[in-house]
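Worksheet: one structure, shown below.
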Amino acid sequence: MKNLGAPNSHENRLTYRADIQGLRAIAILLVVAAHAKVSGLAGGFIGVDVFFVLSGFLITGLLTQELTATGSIQFLRFYARRFQRLLPAMLLVLACTCIAAAIFILPGGQVSQASAAAAASVWLSNFHFAFSNIDYFGPSAENNLFLHTWSLGVEEQFYLVWPALLIFIAALPLGSKFQGKVKIKIAMFAVVGISLVSCVLTTQHSPELAFYMMPWRAWQFALGALAMLYCGNPADVETHSRNPQSAKFVWIGWIGLVLILGSALFLTPNLAYPGAWALIPSIGTACLLMAGAKNVGGGASTFLSLRPMQAIGRVSYSWYLWHWPVLILGATLFDSTHPLARLLLVAISLLLAVLSYRLVESPIRQSKKLIERPSIVFFTSVSLIIVACTLSVQWGNAVSNWLSQPQQQRNAYIRNGMPIIYRMGCDTDIRSSSLHVCAFGKENAKHTAVLVGDSIGAQWFPAAAKIFNGADWRLIAFTKSACPIVDEPIFYSKIGREYTECAQWRSEALLEIQKLKPDVLLIGSAAHPAYSNEQWKAGTNRVLSKISPFAQNIYLIRPTPVLPFNGLDCISGRNWWPRQLLGKTECKAPANSQRATEIFHALTAAANSFKNVKILDLNNSVCPNNKCTAELGGMAVFRDTQHLNANFIESLSPQLEDQLDLGTLVSKRKAPN
Numbered sequence: 001m002k003n004l005g006a007p008n009s010h011e012n013r014l015t016y017r018a019d020i021q022g023l024r025a026i027a028i029l030l031v032v033a034a035h036a037k038v039s040g041l042a043g044g045f046i047g048v049d050v051f052f053v054l055s056g057f058l059i060t061g062l063l064t065q066e067l068t069a070t071g072s073i074q075f076l077r078f079y080a081r082r083f084q085r086l087l088p089a090m091l092l093v094l095a096c097t098c099i100a101a102a103i104f105i106l107p108g109g110q111v112s113q114a115s116a117a118a119a120a121s122v123w124l125s126n127f128h129f130a131f132s133n134i135d136y137f138g139p140s141a142e143n144n145l146f147l148h149t150w151s152l153g154v155e156e157q158f159y160l161v162w163p164a165l166l167i168f169i170a171a172l173p174l175g176s177k178f179q180g181k182v183k184i185k186i187a188m189f190a191v192v193g194i195s196l197v198s199c200v201l202t203t204q205h206s207p208e209l210a211f212y213m214m215p216w217r218a219w220q221f222a223l224g225a226l227a228m229l230y231c232g233n234p235a236d237v238e239t240h241s242r243n244p245q246s247a248k249f250v251w252i253g254w255i256g257l258v259l260i261l262g263s264a265l266f267l268t269p270n271l272a273y274p275g276a277w278a279l280i281p282s283i284g285t286a287c288l289l290m291a292g293a294k295n296v297g298g299g300a301s302t303f304l305s306l307r308p309m310q311a312i313g314r315v316s317y318s319w320y321l322w323h324w325p326v327l328i329l330g331a332t333l334f335d336s337t338h339p340l341a342r343l344l345l346v347a348i349s350l351l352l353a354v355l356s357y358r359l360v361e362s363p364i365r366q367s368k369k370l371i372e373r374p375s376i377v378f379f380t381s382v383s384l385i386i387v388a389c390t391l392s393v394q395w396g397n398a399v400s401n402w403l404s405q406p407q408q409q410r411n412a413y414i415r416n417g418m419p420i421i422y423r424m425g426c427d428t429d430i431r432s433s434s435l436h437v438c439a440f441g442k443e444n445a446k447h448t449a450v451l452v453g454d455s456i457g458a459q460w461f462p463a464a465a466k467i468f469n470g471a472d473w474r475l476i477a478f479t480k481s482a483c484p485i486v487d488e489p490i491f492y493s494k495i496g497r498e499y500t501e502c503a504q505w506r507s508e509a510l511l512e513i514q515k516l517k518p519d520v521l522l523i524g525s526a527a528h529p530a531y532s533n534e535q536w537k538a539g540t541n542r543v544l545s546k547i548s549p550f551a552q553n554i555y556l557i558r559p560t561p562v563l564p565f566n567g568l569d570c571i572s573g574r575n576w577w578p579r580q581l582l583g584k585t586e587c588k589a590p591a592n593s594q595r596a597t598e599i600f601h602a603l604t605a606a607a608n609s610f611k612n613v614k615i616l617d618l619n620n621s622v623c624p625n626n627k628c629t630a631e632l633g634g635m636a637v638f639r640d641t642q643h644l645n646a647n648f649i650e651s652l653s654p655q656l657e658d659q660l661d662l663g664t665l666v667s668k669r670k671a672p673n
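Now the structure itself:
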């Protein structure tokens, strides 16, 4: 790590530590493995926690050295060095990713990409994703090419406040017993305590804030700072290999490595994270940093110092920047579900990282001319950031203008033409557990039909409304988006925790069904990947056990096939010149994946346990001959990746009515008390 500013008599430098490069290697390998869906390493996202603690360690070391040597911190030099280190590679990847997105991403998806790129260019991605990822029908952040830049935003905001915080702490008049680093240590303990408690509490009710925002991550930076303050810079201490205490630090190092690797192996994305779980990899990182700082021989630090680890550690920043857009674009352009395909994408991202490190990142970072001119570096960097943000905004505006053309407005109208029950408030919001019951038809009608489910259940309302429109029928609907009618707990990634509102709403919905005693009950749920086959079967069985005595005829609607693309975006994007140039004008995909077939079999097995339960399978009408297309007969079929548009659903009412076979309905039997 170089000095804070230009070389001078007070040049601040942390002694090069090979084990820290190895720690960077561990962190980036875990992150890439998790994002590439390597089996058994779903918890590799904790690599970001490692980076946070490491940053706290290094930056605190640099700043306290300067503070001790000069009594102050030169802010301009510090920020210039941060820009010189981080900005060139980021702008390169940002530019390349934006160009690739403009060519390969469908226009309807480019607006969200452009806004994310603008946020990334000013290091505010964490704000962008923390506050824009709660719309159920909105574009999923998981497919955003710039999602990974949220952690860079957290880091930059840490750099922004940390120097001022240390100066403020050093200036506090706490008496002769609390001088120099003692005050900083006390303050760091306070930051760890306050931020960690806030993080744990906030994770329970607003996990997106705890995950994305710097104040709730500050304890990790402070933990790294404490590791630096207690163990110091190896340049300041003698080699400890002969010290009786050295064996203790060897063990501390191994414990730290076990904590990090154990977290990657056993933590999953389905946990409320960060919360207290983040303590495990964070403490592990601090242990490794302290063990390495004591300069002991052998142990985990020796493993981290191996040449392959050094090589990976050197390109870790560039690899972090490249790996995510390469993986997402790969999934967009071709089937990247096969392990070999993902391995190829990882290799491509690593190659790009090596090239950008050698040609851009390293030459600029090590340029003595730039180091000696912090003012030029600082103001040039700010100018480039403004240009990058402006260009990203202009890209988004250009695509928005194209989408505002008459034909594209028609597609937008179809996209927004969801079933009327959404506008009527029959669908319960993600964050609510209240049951909103909507009734259509005469209250004293002879027969009652009920439609219940998540958004896939709700999509069938136009057909149900057309079928149960006679004087003898009353149709009642209540749905909740992202809440399958399966009696199993579910982790919902958009809110970052267990979806307790779903369980509460589902319980109320089942009680309402028992009270209504319908002649026909239609249940629709998305093929949610969070459930195992056994959970699908057992959870559906438990639901049916509670309501089958109260409903005369129950129909489980087979989940809609899921497209690898957005249906309406694909239709509108066929006229987008890059797609015409590449010949990618078809909007077709196979109907049934292996996973969808397994879920269908689980539902069928559950239905077979009850005499009055049947499966409604309209997928052959949706995707004839096992082939899904974005439109049929000039009518748009899908309004996104899995939801069918309202007009198309209404056109399927004859097929739905045939499968219901309403003419064979018998009188309602008396339900049990």
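Per the UniProt record's numbering, the sequence shown runs over residues 1 to 673. All C-beta atoms in this analysis are idealised placements derived from N, C-alpha and C, irrespective of residue type, glycine included.
Alpha-carbon spacing of residue i relative to residue j, whole angstroms
i, j, result
"T337", "T97", "21 Å"
"I421", "K446", "23 Å"
"W460", "P654", "13 Å"
"N626", "A538", "28 Å"
"A646", "F189", "57 Å"
"A18", "L355", "22 Å"
"K515", "G634", "43 Å"
"V182", "G193", "17 Å"
"R77", "I371", "9 Å"
"T268", "W473", "47 Å"
"L226", "F379", "33 Å"
"G299", "I260", "15 Å"
"V93", "A130", "22 Å"
"S432", "I615", "29 Å"
"T479", "A458", "6 Å"
"E66", "P163", "10 Å"
"A630", "M418", "16 Å"
"L289", "L62", "15 Å"
"L340", "S39", "13 Å"
"P308", "L391", "39 Å"
"D32", "W150", "Inspection of the sequence shows that residue 32 is occupied by Val rather than by Asp. Cα to Cα, the separation comes out at about 15 Å."
"L4", "G180", "Caution is warranted here: a pLDDT of 30 is assigned to L4, below 50, making its placement in the model unreliable, and no coordinate value can be reported."
"A171", "S72", "10 Å"
"W219", "I312", "27 Å"
"P471", "V520", "Strictly speaking, residue 471 in this sequence is Ala, with Pro absent from that position. Their Cα atoms are separated by approximately 16 Å."
"H240", "V250", "Note that H240 scores 45 on pLDDT, short of 50, meaning its location in the model is unreliable; the coordinates nonetheless yield the value given after this. H240 and V250: Cα-Cα distance of roughly 11 Å."
Beta-ladder partner(s) of residue i, from DSSP
i, result
"M635", "L632"
"K517", "Answer by DSSP bridge pairing: none, since K517 is not bridged."
"A589", "C628"
"V613", "I554"
"L644", "F638"
CB contact below 8 Å: residue i versus chain B
i, result
"P339", "Considering every chain present, this structure includes no chain B. It has just one protein chain."
Within 8 Å, strictly: CB atoms of residue i and residue j
i, j, result
"C231", "G253", "no"
"H35", "W395", "no"
"A596", "C623", "no"
"A119", "S125", "yes"
"L54", "T285", "yes"
"I476", "S525", "no"
"A449", "P518", "yes"
"S493", "D427", "no"
"E488", "N533", "no"
"L29", "G573", "no"
"R365", "R24", "no"
"I184", "T64", "yes"
"V613", "I554", "yes"
"R639", "L544", "no"
"I523", "G453", "yes"
Top-ranked residue by Cα proximity to residue i, from the options
i, options, result
"R82", "I103, L58, Q65", "L58"
"W536", "A171, A602, A471", "A602"
"I430", "A463, K369, Y499", "Y499"
"F45", "A100, F266, V200", "F266"
"V197", "Q21, R497, A278", "A278"
"F146", "G109, G453, S316, C502", "G109"
Which ranges does the beta strand (DSSP E) cover as unbroken runs of at least 3 residues, wholly within the stretch 418-501, from first to last along the chain? 438-440, 447-453, 473-480
Ordered list of alpha helix (DSSP H) runs contained in the stretch 326-382, each at least 4 residues: 339-356, 362-365, 368-371
Can you list, in chain order, the stretches of the alpha helix (DSSP H) that have 4 or more residues and sit fully within the stretch 511-565? 533-547
Let me know the alpha helix (DSSP H) ranges lying completely inside the stretch 190-277, each 4 residues or longer, listed in chain order. 207-212, 218-231, 246-266
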